[in-house]
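Each residue of the sequence shown is one higher than the one before, counting from 1 in full-length UniProt numbering.
For each residue, glycine too, the CB sits at the ideal point set by N, CA and C.
Here the structure is laid out as structure tokens; the discussion comes afterwards.
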Amino acid sequence: MSSQSSKASDSTPQSPASTSTTLAAMGDLSLKDPASVSEKDKTEAARLKDEGNAEFKKNHFAEAALKYSEALEHNPFDATLYCNRAYMRMKIEQHGYAIDDATKAIALDPKYVKAYYRRAVCYLSILKPQQAVADFKKTVQLDPKNVNAKTQLDATVKLVRRIEFEKAIEVGEEESSVTRCRDIIAQGGCDVDASYTGIKLPTNADGKYTIDQAFMDSMIAAFKDGKSIHRRYAWEIVLASWDLLSKEESLVNFELEEGVECDIIGDTHGQFYDLIHLLSLTGPPSEKHCLVFNGDFVDRGSWSVEVALTLFAYKWLYPNRVFLNRGNHETKDMNKVYGFEGYVKF
């Protein structure tokens with residue numbers, strides 16, 4: 001569940017601080033004179049900055065961004081305000097806007113370490129590791145003792161090299177991972193051991209694996225207790241959901257039937273217990289209850305596999321009542337940067 005502001009946000013713009021009242025602050029600062037900012041405006045900007053900092057401490061990131069924007073109307077030459085707003089925009093995943101703010105901060109203060117670091121992280125988030133490397137290098141150059149920047153630089157350089165290597169050896173069309181997995185299963189490479197004592201996925205009259213509500217309940221209970229399911233069952237869930245999702249259009253039109261309710265659940269980011277809490281509020285999917293999961297299921301959180309398997313299993317159980325939108329974290333490169341790939345391998 002996202003940690004973004006819990007306040008009512010009806011009046012909060014989609015893109016904090018990009019409203020017409022702040023366009024002046026976003027203009028070409030080189031055409032203006034910093035000396036033109038009065039002491040009164042500087043004082044008011046500082047007050048609004050403090051209010052923004054207070055909102056940030058409460059995890060009200062969008063509100064904090066707005067406060068920094070108001071401060072910039074009074075003092076558009078304060079690099080800290082741009083850098084702070086960049087961080088808030090990072091928090092609410094407005095990475096393009098965050099890059100703009102960090103760039104503005106750097107223009108005002110070419111030695112602003114945090115601005116380079118935050119812009120680098122944003123470049124990683126939008127899958128531009130080459131640009132991230134340049135900013136991480138600048139961060140380390142300005143702050144040689146910055147351990148986080150050194151670690152990120154090393155990891156990003158390795159990522160760039162791996163991407164370049166894979167491009168260099170790429171030949172023809174590879175066999176899909178789905179095909180490879182099915183071949184392994186068909187060859188007996190993922191059979192359930194006789195010693196396995198965990199919950200079991202049911203089979204139909206033809207001996208093929210299927211799913212029912214009893215298995216769903218048992219799997220969720222097992223995950224809540226920190227247990228896992230057999231990898232064969234995990235693959236059956238993934239492959240069954242893949243079969244269903246691959247047949248859907250990229251934009252699914254769905255009309256609610258009379259008597260059917262629909263709830264939408266936003267980013268879960270690997271927070272399994274948050275997901276279970278949300279389901280306790282909305283109720284689980286059923287023939288009378290449709291659920292739309294609005295992307296960003298994995299990364300960051302420590303239970304991404306459990307979240308993914310739960311959502312995929314619900315899709316298998318209720319294919320016409322559960323819909324999974326693809327977020328920016330449902331991509332290979334994002335999963336490498338933000339932890340899901342490593343968690344799966346672990």
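Collapsed DSSP secondary structure at residue i in the structure displayed
| i | result |
| --- | --- |
| F61 | helix |
| S286 | strand |
| R326 | coil |
| T203 | strand |
| M26 | Caution is warranted here: a pLDDT of 45 is assigned to M26, below 50, making its placement in the model unreliable, and no coordinate value can be reported. |
| C262 | strand |
| Y209 | strand |
| L291 | strand |
| C83 | helix |
| Y123 | helix |
| Y314 | helix |
| T268 | coil |
| H95 | helix |
| I185 | helix |
| N148 | helix |
| R321 | coil |
| S246 | coil |
| V252 | coil |
| W303 | coil |
| F297 | coil |
| P76 | coil |
| I229 | coil |
| S280 | helix |
| K128 | coil |
| E55 | helix |
Pick from the options that is closest to residue i, judged by C-alpha positions
| i | options | result |
| --- | --- | --- |
| R47 | F254, P34, L72, F312 | L72 |
| S241 | V192, D78, N320, L108 | N320 |
| P76 | K167, S38, I99, F136 | S38 |
| E51 | Y68, E258, I106 | Y68 |
| Y209 | L201, A79, S304 | L201 |
| R326 | F254, L245, S280 | L245 |
| F254 | D267, V322, L279, G283 | V322 |
| K40 | R85, N146, H74, A168 | H74 |
| Q130 | L159, D206, P285, D183 | L159 |
| K42 | E70, C181, R180 | E70 |
| V305 | T197, D243, Y233 | Y233 |
| V252 | V292, K167, D154, S36 | V292 |
| K247 | R85, K315, S36 | K315 |
| K128 | N53, H95, K145 | H95 |
C-beta contact flag for residue i and residue j at 9 Å
| i | j | result |
| --- | --- | --- |
| K114 | Y87 | yes |
| Q152 | A132 | yes |
| E63 | E55 | yes |
| A221 | S228 | no |
| L324 | L309 | no |
| C290 | R231 | no |
| G270 | W235 | no |
| A79 | D109 | yes |
| Q213 | L317 | yes |
| residue 361 | E261 | The displayed coordinates of the chain run from 1 to 346. Any statement about residue 361 would go beyond what the structure contains. |
| S218 | I199 | yes |
| Y117 | T103 | no |
| V307 | F272 | yes |
Whole-Å CB distance - residue i paired with residue j, under 8 Å assumed
| i | j | result |
| --- | --- | --- |
| C83 | Y112 | 6 Å |
| A313 | I211 | 6 Å |
| I106 | F61 | Going by Cβ atoms, the distance from I106 to F61 rounds to 22 Å, so no, they are not a contact pair. |
| F165 | A149 | No, F165 and A149 are not in contact; Cβ-Cβ is about 24 Å, not under 8 Å. |
Status (buried if at least 16 other CB within 10 Å, exposed otherwise) for residue i
| i | result |
| --- | --- |
| R161 | exposed |
| L256 | exposed |
| Q141 | exposed |
| T156 | buried |
| P16 | Caution is warranted here: a pLDDT of 41 is assigned to P16, below 50, making its placement in the model unreliable, and the coordinate value is therefore given only provisionally. Buried, because 16 or more other Cβ atoms sit within 10 Å of the Cβ of P16. |
| H277 | exposed |
| L275 | buried |
| A194 | exposed |
| E258 | exposed |
| A120 | buried |
| S89 | In the sequence as displayed, the identity of residue 89 is Arg instead of Ser. R89 is buried by the Cβ-count criterion. |
| S30 | Any reading at S30 must be qualified, since the residue scores a pLDDT of 49, below 50, and its modelled position is unreliable; no value is offered. |
| K49 | buried |
| D296 | buried |
| D267 | buried |
| V147 | exposed |
| V192 | exposed |
| S125 | buried |
| P285 | buried |
| V298 | buried |
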